[in-house]
DNA sequence: AGGTAGTTGCAAGTGATTTGCATTTATGAT
DNA sequence: ATCATAAATGCAAATCACTTGCAACTACCT
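Chains as they are written, first to last, in the working numbering: chain A, 167 to 308; chain B, 167 to 308.
Put into structure tokens, the structure is as follows:
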């Protein structure tokens, strides 16, 4: 049967490339990111892996993954910080009622916009990152 | 002497319009927002008003002001959450080295962009808010 | 297999924010 | 003006998300 299958990420290689030891904890965390493919919080991960991992390890792992660029922090106005895999820069629409999240890309348009902004600025020289998050109502909740 | 003076905000009216009682604490907090005209944290406010206000009151006030729309939450990747007066929607450029913040507006372009995004979305119906924050290096630090 | 740096679990520690409760105060009605 | 009442405040304790110190463990290189 032909199935559209997302190319699996080679986490073992990813860890090695980033000079991390390959441990069960790290693989488990990465697999959660791959499986859910949405911004997830430390708390969410901890609950999924309850009994198999210590909470401190979750925080430490997320932090080191962020530092090395494997993960990216996302602020969606939740109580706790969320992360997502850092491949493929994109943004989010968040339903303020039900919490549903849709990803979207807008790289070309947004980058054009950033260029205009930086041109107008007298104080800034270079923009290295940006975040754009939209909040509103999904079709179900509207 | 003629001075270019920013039109003072009538905080007493602002409080009344939002069904808040007019108290010294609230006026003091609003005046800090007006005076510094930058995103400020609860901690910053508390330190400015040390001895004159309780920390819990600061948090409670910020929260209720946010709920009523007087303030808006801003995530600038600092340790603690920042707020700013919610008049006059704008965005920020933050220097990741020295922390310097520059405001900018981009309403027209950004709104055009938002329209395009929402048109393409099959899941979302309405965008009520958005945040766009840029991170990079100011001219001093670059 | 063995040495070692890097990882983990556990428990205690932080720092920001919240909450419960008793006291005080602003405000609208008398 | 005074009063009654709901709202606001201060204080202390609690909570919540996250961090850290340290001893035990493990992946990985030789």
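Note that the Cβ used here is the ideal one computed from N, Cα and C, for glycine as well.
- Message: Looking at chain A, is there any beta carbon in it that lies within less than 8 Å of the beta carbon of residue 304(B)?
- Response: At a cut-off of 8 Å between beta-carbon atoms, residue 304(B) makes contact with chain A.
- With 9 Å as the limit, tell me which residues of the segment 204–231 of chain A have their beta carbon closer than that to any beta carbon of chain B; keep them in chain order. Against chain B - using a Cβ distance shorter than 9 Å - the segment 204–231 of chain A contributes no residues.
- Grab the span of the alpha helix (DSSP H) containing residue 198(B) for me, first residue to last. From DSSP, the alpha helix (DSSP H) with residue 198(B) extends over 190–202.
- Please compile the residues from chain B whose C-beta is within a distance smaller than 7 Å of the C-beta of residue 272(A). Those are 279 and 283, listed as they occur along chain B.
- Message: With a threshold of 8 Å between beta-carbons, can residue 236(B) be considered close to chain A, or not?
- Response: Taking CB atoms only, residue 236(B) has no neighbour in chain A less than 8 Å away.
- So, does the CB of residue 317(B) fall closer than 8 Å to a CB anywhere in chain A? As shown, chain B starts at 167 and ends at 308. That puts residue 317(B) outside it, with no answer to give.
- Mark residue 297(B) as exposed unless 16 or more other C-beta atoms lie within 10 angstroms of its C-beta, in which case mark it buried. The C-beta of residue 297(B) has 16 or more other C-beta atoms within 10 Å across all chains shown, which makes the residue buried.
- Output, in chain order, the set of chain B residues within a Cβ distance shorter than 7 Å of residue 291(A). Correct list: 303, 304, 305 and 308.
- Start-to-end residues for the alpha helix (DSSP H) that takes in residue 211(A): Start and end: 208–214.
- Look at the Cβ atom of residue 180(A), then the Cβ atom of residue 236(A), and state whether they are nearer than 8 Å. Yes.
- Other residues of its chain near residue 284(A): CB distance less than 7 Å, five sequence neighbours each side excluded: Non-local C-beta neighbours of residue 284(A) in its own chain, meaning closer than 7 Å and more than five positions away in sequence, comprise 290 and 293, ordered along the chain.
- Using a beta-carbon distance below 8 Å, is residue 299(A) in contact with chain B? Residue 299(A) counts as touching chain B.
- Contact residues within the segment 246–275 of chain B, judged by C-beta distance below 9 Å to chain A: Legend: CB atoms of the segment 246–275 of chain B lying less than 9 Å from CB atoms of chain A belong to residues 257, 259, 261, 262, 266, 268, 270, 272 and 275.
- Message: Please return the same chain residues whose Cβ sits closer than 7 Å to the Cβ of residue 208(A), not counting the five positions on each side in sequence.
- Response: Result list for residue 208(A): 224, 225, 228 and 246, in chain order.
- What does a CB cutoff of less than 7 Å around residue 271(A) pick up in its chain, not counting 5 residues either side in sequence? Answer for residue 271(A): 256, listed in chain order.
- Whole-angstrom distance between residue 205(B) and residue 261(B), CA atom to CA atom: Cα to Cα, the separation comes out at about 14 Å.
- Query: Do we get a CB-CB distance below 8 Å when we pair residue 183(B) with the residues of chain A?
  - Reply: No, no contact with chain A.
- Closer than 9 Å by beta-carbon distance: list the chain B residues that pair up with residue 241(A), in chain order. Those within 9 Å of residue 241(A) in chain B are 241, 243, 297 and 299.
- Could you tell me the distance, in whole angstroms, from the CA atom of residue 244(A) to the CA atom of residue 200(A)? As the crow flies, the alpha-carbon of residue 244(A) is around 21 Å from that of residue 200(A).
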